[in-house]
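One structure is given below, encoded as structure tokens.
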């Protein structure tokens, strides 16, 4: 059960981070100019093209991924790794 | 340990194959990141003490971003605290990372700072993946790796009787 929570937290946080940065980054490129997250302006400073993906969505996904990582850390404080898991981790550290 | 023979990418992971330079590099990275924040904080302290008035204004300017509600709330309810905590926390986070003391706690604080810098700075003129995001990820990396254990004081702290008797303290160290 504990192992499932660990795996779910790592998978969810990584998925959210990569979705916000890489997946939506690709979508933004495919959507055309501007390829970045800032709008394109003309010489008068008027906005002539908006990015395909609102930066708030991308930053929100990344921060959500980091929040999942943080919540998992808090969970690990509340429910420390079992003896077997800790011994495995210690054995791994000793081989380094 | 996760090991799934049906997935060639899913092996047993450890840092042993990273080579002997890895701990030195992690410690070096920690000190450099620490200097970055120490310099940012201590120069604010020198110039404006605990009255860094740009802090609340910066947070007010984050209105409309994904962290806007939190930022504006902090700026309006506790401007004096923000003015003091920004230079002080930056300096202390920097010192903690340089010394390798309470690195996970300090890195968590640094990540919070960088989240506000990333979301609030320059309207992503250099894209969403910019230097501020890399700084944020550096702090998370130091936190995940427990970078204070490599040539840092956390390695000493973890052997103290207090920490041995209260193992949960280890979550703030390393």
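Chains as they are written, first to last, in our numbering: chain A, 950 to 1045; chain B, 5 to 178.
Ideal Cβ positions, reconstructed from N, Cα and C, are used throughout, including at glycine.
Fair warning: this is a prediction, and the values are worked out from it, not measured in the lab.
- Listed in chain order, the alpha helix (DSSP H) elements of length 4 or more contained wholly in the stretch 44-68 of chain B are 58-64.
- Neighbourhood of residue 985(A) in chain B, by CB distance below 9 Å: 128, 129, 130, 131, 132, in chain order.
- Taking 9 Å as the Cβ-Cβ cut-off, the stretch 997-1019 of chain A approaches chain B at 1000, 1002, 1004, 1005, 1006, 1007, 1008, 1009, 1011, 1012, 1015, 1018, 1019, given in chain order.
- DSSP places residue 36(B) in the helix class (H, G or I) of the three-state scheme.
- The residue from 1025(A), 1029(A), 1007(A) with its alpha-carbon nearest to that of residue 976(A) is 1007(A).
- Contact between residue 105(B) and residue 152(B) holds, with the beta-carbon distance rounding to 7 Å and staying under 8 Å.
- Setting aside the 5 residues that flank it on each side, residue 93(B) is surrounded in the same chain by 45, 113, 117, each with a C-beta closer than 8 Å to its C-beta; the list follows chain order.
- Shown here, residue 972(A) sits in a helix according to DSSP, grouped into three states.
- Using a C-beta cut-off of 8 Å, the stretch 141-149 of chain B makes contact with the stretch 34-51 of chain B, since at least three inter-stretch Cβ pairs fall below that distance.
- Neighbours of residue 171(B) in chain A, taken as residues at a C-beta separation under 9 Å, are given in chain order as 1029.
- DSSP places residue 103(B) in the uninterrupted alpha helix (DSSP H) bounded by 83-103.
- Per the coordinates, the alpha-carbon of residue 107(B) lies some 41 Å from the alpha-carbon of residue 980(A).
- Legend: CB atoms of the stretch 61-83 of chain B lying less than 7 Å from CB atoms of chain A belong to residues 69, 70.
- Here residue 177(B) is not near residue 165(B), since their CB atoms are 8 Å or more apart.
- In the displayed model, residue 998(A) falls within a strand according to three-state DSSP.
- Between the stretch 16-28 of chain B and the stretch 42-57 of chain B there are fewer than three C-beta pairs closer than 8 Å, too few to call the two in contact.
- What residue 970(A) touches in chain B, judged by beta-carbon distance under 9 Å, is 132, 133, 137, going in chain order.
- Going by DSSP, residue 111(B) is part of the alpha helix (DSSP H) stretching over 107-124.
- Contact of residue 1026(A) with chain B by beta-carbon distance below 7 Å involves 172, 175.
- Non-local C-beta neighbours of residue 1010(A) in its own chain, meaning closer than 6 Å and more than five positions away in sequence, comprise 965, 968, 969, ordered along the chain.
- Checking the DSSP bridge columns, you'll see residue 80(B) has no partner listed.
- With a beta-carbon spacing of about 4 Å, residue 962(A) and residue 1014(A) fall inside the 8 Å limit used to define contacts.
- Taking each of 156(B), 127(B), 90(B), 21(B) in turn and checking the Cα distance to residue 33(B), the smallest one comes out for 156(B).
- For residue 143(B), the enclosing alpha helix (DSSP H) stretches over residues 135-149.
- Sixteen is the threshold: since fewer than 16 other Cβ atoms of the shown chains lie within 10 Å of the Cβ of residue 12(B), the residue is exposed.
- For residue 37(B), the nearest beta carbon of chain A is not closer than 8 Å to its own beta carbon.
- Closest option to residue 998(A), judged by alpha-carbon separation, among 983(A), 952(A), 1005(A), 978(A): 983(A).
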